[in-house]
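Those protein sequence lines, which keep their order, are chains A and B. The numbers in this note's numbering rise by one with no breaks, and the one at position 123 of the first sequence is 112. The numbers in this note's numbering rise by one with no breaks, and the one at position 20 of the second sequence is 27.
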Amino acid sequence: MITSFNDLLPLMPLLIVTATSVVAMLMIGIRRSYIATGTITITGLLAATLVAVSMMDWTNQQVTPLLIIDQYSLLFTVVVCASAMVLAVLSFPYFFELDDQREEYFLLLTVATIGAIVMVSSNHFVSTVLGLETLSMSLYGMIAYPLHSAKSAKFPLEASVKYLVLSAAASGFILFGMALIYAQTGTLSFASVRELPVAGLGDGYTIVALLMVVSGMAFKLSLAPFHMWTPDVYEGAPLPATAYLATIGKAAMFVVLLRFIQISEALSFDSMVTVLTLIAAASMLAGNLLALLQNNLKRILAYSSIAHMGYLLLALVAGHYVTGTIAVEAITFYLIAYMIMSLGAFGVASIISSSEKEFDSVKEYRGLFWRNPLLATTFIAMLLSLAGIPLTVGFIGKFYIFLSGVEAGLWVLLGVLVLGSGIGLYYYLRIIYRMFMPEKHSQPYRVGGVESVSSYAVLAILLFLLLLFGIYPAPIMSIVAAASAFI
Amino acid sequence: MILVVLMSILFLGGVLAWLSEGLDSRFPRVVALAAVVIDLLVMMALVGADTEGSSWIVQLNAQWIPRFGISFHLAADGLSVLMMVLTAFLGIIAVGSAWDEITERTGFFYFNLLWTLAGVIGVFTALDLFLFFFFWEVMLIPMYFIIAIWGHENKNYAAMKFFIFTQVTGMFMLISILALAYFHYVQFGWFSFDYFDLLKVNTSSAIEMWIMLGFFVAFSTKLPSFPFHSWLPDAHSQAPTAGSVILAGVLLKTGAYGLIRFAVPLFPEASMQFAPFAMTLAVISILYCAKVAFAQTDIKRLIAYTSISHMGFVVLGIYAWNEQALQGAVMTMLAHGLSAAALFMLAGGLQHRIHTRDMDHMGGFWAKVPRLSFVALFFSIAALGMPGLGNFVGEFLALLGAFQASIGLTVAAAFGLIFASVYSLWVIQKVFHGAYRNSDFDDTHLADLSRREMFYFGAMMIGLIWMGMYPQSFLDMSSTTLTNLLNETGQLLSTQGSEL
Chain A
-10 MITSFNDLLP
0 LMPLLIVTAT
10 SVVAMLMIGI
20 RRSYIATGTI
30 TITGLLAATL
40 VAVSMMDWTN
50 QQVTPLLIID
60 QYSLLFTVVV
70 CASAMVLAVL
80 SFPYFFELDD
90 QREEYFLLLT
100 VATIGAIVMV
110 SSNHFVSTVL
120 GLETLSMSLY
130 GMIAYPLHSA
140 KSAKFPLEAS
150 VKYLVLSAAA
160 SGFILFGMAL
170 IYAQTGTLSF
180 ASVRELPVAG
190 LGDGYTIVAL
200 LMVVSGMAFK
210 LSLAPFHMWT
220 PDVYEGAPLP
230 ATAYLATIGK
240 AAMFVVLLRF
250 IQISEALSFD
260 SMVTVLTLIA
270 AASMLAGNLL
280 ALLQNNLKRI
290 LAYSSIAHMG
300 YLLLALVAGH
310 YVTGTIAVEA
320 ITFYLIAYMI
330 MSLGAFGVAS
340 IISSSEKEFD
350 SVKEYRGLFW
360 RNPLLATTFI
370 AMLLSLAGIP
380 LTVGFIGKFY
390 IFLSGVEAGL
400 WVLLGVLVLG
410 SGIGLYYYLR
420 IIYRMFMPEK
430 HSQPYRVGGV
440 ESVSSYAVLA
450 ILLFLLLLFG
460 IYPAPIMSIV
470 AAASAFI
Chain B
8 MILVVLMSIL
18 FLGGVLAWLS
28 EGLDSRFPRV
38 VALAAVVIDL
48 LVMMALVGAD
58 TEGSSWIVQL
68 NAQWIPRFGI
78 SFHLAADGLS
88 VLMMVLTAFL
98 GIIAVGSAWD
108 EITERTGFFY
118 FNLLWTLAGV
128 IGVFTALDLF
138 LFFFFWEVML
148 IPMYFIIAIW
158 GHENKNYAAM
168 KFFIFTQVTG
178 MFMLISILAL
188 AYFHYVQFGW
198 FSFDYFDLLK
208 VNTSSAIEMW
218 IMLGFFVAFS
228 TKLPSFPFHS
238 WLPDAHSQAP
248 TAGSVILAGV
258 LLKTGAYGLI
268 RFAVPLFPEA
278 SMQFAPFAMT
288 LAVISILYCA
298 KVAFAQTDIK
308 RLIAYTSISH
318 MGFVVLGIYA
328 WNEQALQGAV
338 MTMLAHGLSA
348 AALFMLAGGL
358 QHRIHTRDMD
368 HMGGFWAKVP
378 RLSFVALFFS
388 IAALGMPGLG
398 NFVGEFLALL
408 GAFQASIGLT
418 VAAAFGLIFA
428 SVYSLWVIQK
438 VFHGAYRNSD
448 FDDTHLADLS
458 RREMFYFGAM
468 MIGLIWMGMY
478 PQSFLDMSST
488 TLTNLLNETG
498 QLLSTQGSEL
């Protein structure tokens, strides 16, 4: 129970983001101003980020049974808030000329961030579901946001409904699994799974419950074979919303999965290891293979995100076999790396696009390097990082994944990882090659919307982080290692 | 420190070359040339330096990623210095060959060229395996751009194939490196990627074999050796001349260097068990690729296949693992670096002049371009192993050493020399002799070698003659390194070498 101010203190980042949404809402009620709403959102998220950073050293406590505020959750609170801020900055010029009410988009973005913060701090099923649904509900709105605009993105409604229906079904799975666990133990904390009776209803009962929960989560993470919705939703949603779904949506869910698997010791069941191994292998292969045939940048990134989730799952499986925290570190580092490079890749696309016209076909990037070398260099760096090439953070991330796989002796999965990454090179290089081809005609990028210096600035920061963490990763590694000890 | 300087000159030179394009499109090549020449001059400080018994001339060791015991550990011994000098020398040649050929996006071209060279120097000096892998991959990206942007008609395919082959096999090496580091962790309780630490790791022989194979696959793809060679003819035929020069002259040597420095010393037992197999692959490379070369009509593909064939001698020498064979391998690496680079420059020069690489359209060029033809004859003869030139010394020593390891394989490999004469003379005959034909191409640009080109070819000729006439000056530089390597693994050789 929260009894004093001291108990509230650890929740500061969450409270700040919540307050931001309230202030933004009141602001819209008083006077509609796109600039003011955007500024409030960005400032609030920045404040939450800074407060979370300052709290990391001394906060480690369970606040109510629902939320755990330790270094790990704070690390991801920082990542989530900072990413949300980046996306808010990128969304601003994107939606500038939308012929509809624009202000509420920031409201949805802030509320979604509240959900994500709750998720990364959750070690209890109730807070998981609360956070997850807050995040998903806002995402439905963000995906369908340009719905009433005449010239807007192509299929926002289809994407949104698809995501709504399938995501609700996945939530249903998670809830059912939770109910099965609750029926046996009478509590809803992650730790309760360890107390599930093996006698009586037996192993099978527990495994069914675990499978339900894990498959629901795999669905949200778009792991194969639960990945069918991903490309359509990515393609249909406006770019900043796609980026939100692909980065914060995935990372928050993976943190929950990680905590759940670690705390519940679900992998002590052999069949769970088998299932996760198969899912990991299928995701790495399916994601990379299906991306080969795509011509739409968003679809390529959608499939590549499936593959990346597969890489992460490899480390999750490895976590069962290794002593020490190397697997958790690998997941944590890779998630941060994934956030940086995905935000960067989507950021480049959204800088040249607007709600009026999205440049999401690979063809349209032809000659970008000669027309806008800085933007193209950033994009190339992001893509090479996604492919795991040195000098970038993606390589150090891959290095971590490989290392945890080697320590765990998962040779088959490592083989699949090499194969998958090899296939992956093809479609990343294809985009890069396009950018180097001589430009045929100079169709101007960015139809509608406005140019904004701040979006270039956040891209520059992302590029800087990508290279910094790729060339001199020691500082971030020690932060990750310190935080990982809390899982 | 000097090693960091060597790399920084190239890295910064690359950036500077790129920036200078904004002023004038002719500046980048000047900047690039200056950078490589300065690099070569600085390198001279390392040549013949007094090492006081140790084989390491300079070392630099700084912490990099302490969490995993990864350090920024660079060092150079005689072997590294030889390879670096080759790199810088061919760097100059490459800039020269691009001088007039590359007219578009010059800044970015020289940027990539210099960064490739910097990556290669990193590969030749890194003594931390993580750092080694880092440079191993870093040199790929600019090379990819060189092929993909300034290549010929089928450049996308060739560049993609080059990148995927080397990157995927590189990942196998990464797994091997990690496994080795992990076994070090198991054995000593802390992570280390340092070469000297990893030399001490003991593993069971089955595991050692698997880890060694990870390295072998990566290195033999880079060499390339049969059966991982199929990317090379494509890459060479599509790359611009300067790209071919760097690829044939320097990049391929990193694979051989890796075998000598890492694959064998780190896993002596596994390597000795594997040696007969590796030598067999080498012989297949020599004979098969010589045969395939004979069937080519595209002159660049032909030279590419002969390259693979000659690199077979290097692998043969390395896995024979005795002093003569290793000296031969190193000598072949140097000599082949020059002769193959020169041949690719000639082929590139021809293509630049007549816009075709198809030998069926060529003939009788001696009358039109005597200087070019003479130079071509010289380097063909060098490549086929004429005594008095560097390639002969290298291949002869390699065969001499291999003879002690396996008579049968050496005899088979020696046939490669005969095949080499056949295809070399056949090319000379076909392209430069006979009646002059110009029905199939426009010969208005078919000019003889300019003074500048003669200067570059002359420098390479002098190099080859020097290697052929007085090889001792090169053998001396690498001998300390090689004898030390042999001593470290010598015990194993004496017990098992006789069985080969």
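Glycine included, C-beta positions come from ideal geometry on N, C-alpha and C.
Quickly, what does DSSP pair residue i with across the bridge? List them, please.
i, result
"residue 285 of chain A", "A:350"
"residue 80 of chain B", "B:68"
"residue 132 of chain A", "None; residue 132 of chain A has no bridge partner."
"residue 58 of chain A", "A:50"
"residue 63 of chain B", "B:84"
"residue 474 of chain A", "Beta-bridge pairing links residue 474 of chain A to no other residue."
"residue 111 of chain A", "A:56"
Is there a Cβ of chain B sitting closer than 7 Å to that of residue i, yes or no?
i, result
"residue 450 of chain A", "no"
"residue 428 of chain A", "no"
"residue 58 of chain A", "no"
"residue 317 of chain A", "no"
"residue 466 of chain A", "yes"
"residue 395 of chain A", "yes"
"residue 378 of chain A", "yes"
For residue i versus residue j, is the C-beta spacing smaller than 7 Å?
i, j, result
"residue 475 of chain A", "residue 60 of chain A", "yes"
"residue 247 of chain A", "residue 320 of chain A", "yes"
"residue 447 of chain A", "residue 78 of chain A", "yes"
"residue 452 of chain A", "residue 381 of chain A", "no"
"residue 243 of chain B", "residue 315 of chain B", "no"
"residue 340 of chain B", "residue 260 of chain B", "yes"
"residue 137 of chain B", "residue 77 of chain B", "yes"
"residue 379 of chain B", "residue 450 of chain B", "no"
"residue 13 of chain A", "residue 38 of chain A", "no"
"residue 293 of chain B", "residue 423 of chain B", "yes"
"residue 201 of chain B", "residue 305 of chain B", "no"
"residue 391 of chain B", "residue 428 of chain B", "yes"
"residue 385 of chain A", "residue 462 of chain A", "yes"
"residue 157 of chain B", "residue 234 of chain B", "no"
"residue 186 of chain B", "residue 114 of chain B", "no"
"residue 105 of chain A", "residue 127 of chain A", "no"
Hey, does residue i have any beta-carbon neighbour from chain A nearer than 7 Å?
i, result
"residue 185 of chain B", "yes"
"residue 404 of chain B", "no"
"residue 74 of chain B", "yes"
"residue 409 of chain B", "no"
"residue 354 of chain B", "no"
For residue i, count the other beta carbons within 10 Å of its own beta carbon; 16 or more makes it buried, fewer makes it exposed. Which is it?
i, result
"residue 6 of chain A", "buried"
"residue 429 of chain A", "exposed"
"residue 425 of chain B", "exposed"
"residue 400 of chain A", "exposed"
"residue 284 of chain A", "exposed"
"residue 506 of chain B", "Low confidence applies to residue 506 of chain B: its pLDDT is 43, below 50, so where it sits in the model is not reliable enough to give any reading."
"residue 43 of chain B", "buried"
"residue 317 of chain B", "buried"
"residue 217 of chain A", "exposed"
"residue 250 of chain B", "buried"
"residue 328 of chain B", "buried"
"residue 46 of chain B", "buried"
"residue 362 of chain B", "exposed"
Since residue i and residue j are thought to touch, with beta carbons under 8 Å apart, how far apart are those beta carbons, to the nearest angstrom?
i, j, result
"residue 335 of chain A", "residue 168 of chain A", "No, residue 335 of chain A and residue 168 of chain A are not in contact; Cβ-Cβ is about 36 Å, not under 8 Å."
"residue 4 of chain A", "residue 170 of chain B", "Wrong, their Cβ atoms sit about 49 Å apart, outside the cutoff."
"residue 72 of chain B", "residue 395 of chain A", "Incorrect: roughly 17 Å between the Cβ atoms, too far for contact."
"residue 316 of chain A", "residue 307 of chain A", "5 Å"
"residue 324 of chain B", "residue 311 of chain B", "That belief does not hold up - the Cβ atoms of residue 324 of chain B and residue 311 of chain B are roughly 21 Å apart, past 8 Å."
"residue 239 of chain A", "residue 156 of chain A", "Not really, about 13 Å apart at Cβ, beyond 8 Å."
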